[in-house]
Amino acid sequence: MSLSLENVTLGYDGTVVASGLDFVVPEGEFTAVIGPNGCGKSTLLKALARVLRPSAGRVLLDGDDLRSLRPPAVARRVASLPQHPIAPESLRVRDLVARGRHPYHSLWRQWLPGDAAIVDAAMVATGITDLADRLLTDLSGGQRQRVWIAMVLAQQTNYVLLDEPTSFLDLAHQVELLHLCQDMRADGRTVLTVLHDINQAARYASHLVVLDRGTVVASGEPAEVLTTELLADVFGVDGVIGTDPESRTPMVTVRARVHPGGLVRP
Amino acid sequence: MIPVRRDAVLYCGLTVLAVLLASTATLSLGRLGIPLTELPSALFGGAGGKSAFVLERLRGPRLATAVLVGALLGLSGTLFQSVTRNPLGSPDVIGLGAGAGAGVAVTSLMFPGIPAPVGAGTGAGAATLIVFFCTGKGFRSPTRTIIAGIGVAAMAYAVTQYVVSVKLRDAAAQLAAYLVGSLNAANRDDVLITGIVLLVVLPCAMTLPVSMRLLEMGDDTAAGLGVDPDRTRTAAIVLSVIAAGAAVAAAGPVSFVALTAPQIARRVIRSSEIGVIPAALTGALIMVVADLAAQQMPLVRGLPVGVLTLGVGGLYLGHLLLSEHRKGRL
């Protein structure tokens, strides 16, 4: 199995975010994509999820161009969640999770025999079984995010792409969500997320991809990728790389910004 | 699991019953009415004479047109509202009715030989095409579609007003009746056109709600689940426009049915689901009852049916605006 970008140009309405970009989603890993604002993290994810069409180049899923595949066929192998999914009014949690089964349905079969069990399992895995009959709009941000993840799980895909799944969550829910990502990986899925917090990325993800101005500048295990040079070049900060006392993963502490007056780019 | 909701089924059953009752009243009330005792035999081809004439020539086609036009408008409105996520949306908003009016006005002035439905259909089609090309994105962006529609509608009204003001007075009065939507001239051709369009559009429309429901979660989320947002939206608006266009060609731009029918159905069933059939049935009921009133009720007797739907719809729109305002959504 493989999901990759081949020499793609990505952008919106004429603004190019990345051009000539090659990228292979690290198979079987929980990968965190990090990088400064506007470097193209979300754009990369959208291209892989078939949400954004590259203006040049191809996105390949198991060797096939994503555009040559029918949308449901892609959605059976790649699940994606945008940064701000909209919670429909008067929809119950269970019904939302059940929407993850949509790619498997046809016009004539809107429900399959195994669906109920898959939906239940997804709710158990995300710890939302108790919320099954609640209205989505009545839930807290943290609960709601778990419901969205359950929907993605019910999709039963090999690839799970999440765009900043921890934003707007409090610390406990952030950690909870990152553990869920680890669980998905342990379950055999390939997880790719955009994360903002470098330390969380280094601690929970098994693989880091650093994106800068539309180019992949580093990729590998957190301990290999995070260097003081990278912090200066990409993030514009003078940082020290220590070790997380709990997990023994790299931990970044910022001393100062590199360029007084802001991030200066050649 | 995907449940056919009991409430929805009950609602549809009751609406069908109400349509049947109102239809019976339409056929049997008044001086020319077919007596109730003769109605079954007249319907199944046994009666002759006056009853057959009333059924086949006078009230039958008019009633059938009312039902079909109403169903088309209800269907059209529910697709349009779901796709624009706007309870005040309806094909009227994109200048369809106004275009039809302008089409009739212009043809009656310049080519008096052409029947009004042809003029209406052409005008509605032209208005829709102008909107489609003005947005630069087709019907993919609901906001742009509505803004372009308002502009096209304004221009179409200007054309209509121009024609009305240069025309002779009695011809203008006739035209005016058509411009608000009327079933006075409904005949078998209208039944045929609207019937065929409904037969084609309804099954197509029933395939859309599943995808449209997923679009409520945002385009990117829906795309992640294998829905093509642009294609779904375009399909819904095109079907909505075809349905409304056929209705307009048969009865003129009848106001507010497309707007109110889906809202009434949704509120009564209390569901967030997009019900194509409940909305179509509700539209049919509104039209039949409005036309029954236009035929039999003192005070409003003889008025074009569009005036009645305008009055009732206006009240309902006011109520809707007030309740949305109270909820703080406007």
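Chains as they are written, first to last, in UniProt numbering: chain A, 1 to 266; chain B, 1 to 330. Using N, Cα and C, we set each Cβ at its ideal position, and we do this for glycine too.
- The region 138–147 of chain B makes no contact with the region 56–72 of chain B, as fewer than three CB pairs between them are under 8 Å.
- It is roughly 24 Å from the alpha-carbon of Ile277 of chain B to the alpha-carbon of Asp230 of chain B.
- Distance from the CA of Ser206 of chain A to the CA of Asn86 of chain B, rounded to the nearest whole angstrom, comes to 44 Å.
- If you draw a 10 Å sphere on the C-beta of Arg57 of chain B, you find fewer than 16 other C-beta atoms in it, and that means exposed.
- The C-beta distance from Thr166 of chain A to Leu195 of chain A rounds to 7 Å, short enough to meet the 8 Å contact threshold.
- In the pairwise beta carbon analysis, the region 122–138 of chain B is classified as touching the region 84–101 of chain B: at least three pairs are separated by under 8 Å.
- Taking 3 residues as the minimum length, the beta strand (DSSP E) runs contained wholly in the region 83–165 of chain A are 159–163, in order along the chain.
- The Cβ of Ile86 of chain A sits closer than 8 Å to at least one Cβ of chain B.
- Taking C-beta separations shorter than 6 Å and ignoring five residues to either side along the sequence, the partners of Val119 of chain A in its chain run Val97, Ala98 and Ala154, following chain order.
- Within its own chain, the residues whose Cβ lies closer than 6 Å to the Cβ of Glu164 of chain A, once the five positions on either side in sequence are excluded, are Gln83 and Val194, listed in chain order.
- By the rule that beta-carbons nearer than 8 Å mark a contact, Val74 of chain A touches chain B.
- Rounded to whole angstroms, the separation of the alpha carbons of Ala127 of chain B and Phe133 of chain B is 10 Å.
- Separation of the CB atoms of Leu161 of chain A and Ala49 of chain A is rounded to 5 Å, and the pair is thereby assigned contact status at 8 Å.
- Not a single C-beta of chain B is nearer than 8 Å to the C-beta of His173 of chain A.
- Contact residues of the region 141–165 of chain A toward chain B are Trp148, Met151, Val152, Gln155, Leu161 and Asp163 (C-beta to C-beta distance below 9 Å).
- Residue burial is scored here from C-beta neighbours: Asn187 of chain B has fewer than 16 other C-beta atoms within 10 angstroms and is therefore classed as exposed.
- The C-alpha of Gly306 of chain B is placed about 46 Å away from the C-alpha of Met151 of chain A.
- For Asn184 of chain B, the three-state secondary structure derived from DSSP is coil.
- Counting only Cβ-Cβ distances below 7 Å, Arg99 of chain A has contacts in chain B at Leu214 and Leu225, in chain order.
- Taking every protein chain shown into account, the CB of Thr243 of chain A has fewer than 16 other CB atoms within 10 angstroms, so this residue is exposed.
- At the C-beta level, Glu6 of chain A and Arg77 of chain A stay beyond 8 Å of one another.
- Apart from sequence neighbours up to five positions away, the residues of its chain that approach Arg140 of chain B with a beta-carbon distance below 7 Å are Asp230, Arg233 and Thr234, ordered along the chain.
- Under the DSSP assignment, Thr193 of chain A falls in the beta strand (DSSP E) whose first and last residues are Thr190 to Val194.
- Rounded to the nearest angstrom, the gap between the Cα atoms of His173 of chain A and Asp183 of chain A is 15 Å.
- Going by beta carbons, Val33 of chain A and Leu44 of chain A fall inside the 8 Å limit.
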